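Here is the structure we will look at.
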Amino acid sequence: MPLPVEAVLFAAIGLLAALVALTVVPEYYPMPRGLTVGTGLTAALLSGLVIRFTLAGGSTVATLLLTVVCTGLLTSVPARPDLVGRRGSHRRRRG
Numbered sequence: 442m443p444l445p446v447e448a449v450l451f452a453a454i455g456l457l458a459a460l461v462a463l464t465v466v467p468e469y470y471p472m473p474r475g476l477t478v479g480t481g482l483t484a485a486l487l488s489g490l491v492i493r494f495t496l497a498g499g500s501t502v503a504t505l506l507l508t509v510v511c512t513g514l515l516t517s518v519p520a521r522p523d524l525v526g527r528r529g530s531h532r533r534r535r536g
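Structure, rendered in structure tokens:
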């Protein structure tokens with residue numbers, strides 16, 4: 442598969458990872474949403490290129506799967522779960 446096509450797929454993976462992170466656990470990302478989206482996009486593009494050149498002619502499916510894993514891990518880097526209890530949550534506590 443040509444590099445420009447894979448780069449578009451890497452960018453889509455990064456955007457999807459950031460949107461999933463912001464949708465599933467928004468309280469972990471108190472910073473501006475652009476930082477999380479930028480982190481996901483950058484993580485996907487860089488990890489995708491590194492994996493593509495490391496495998497050197499390997500399977501496109503393997504490259505994409507490894508990119509998904511790396512992007513998920515790197516997108517979680519700016520998460521701040523330690524601030525959830527202090528700043529409140531989007532869920533109401535009962536009791």
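So the sequence shown is numbered by my numbering: it starts at 442 and just counts up by one. The beta-carbon is built from N, C-alpha and C at its ideal position, and this holds for glycine as well. Since we're looking at a predicted model, the values are computed, not measured.
- DSSP places P445 in the helix class (H, G or I) of the three-state scheme.
- Proximity of the segment 502-519 to the segment 474-490 meets the contact definition, three or more beta-carbon pairs being nearer than 8 Å.
- A check of alpha carbon separations from F451 across A497, P522, G526, T501 identifies T501 as the nearest.
- CA-CA distance, P471 to T477, rounds to 10 Å.
- By the 16-neighbour rule on beta-carbons within 10 angstroms, R474 is exposed.
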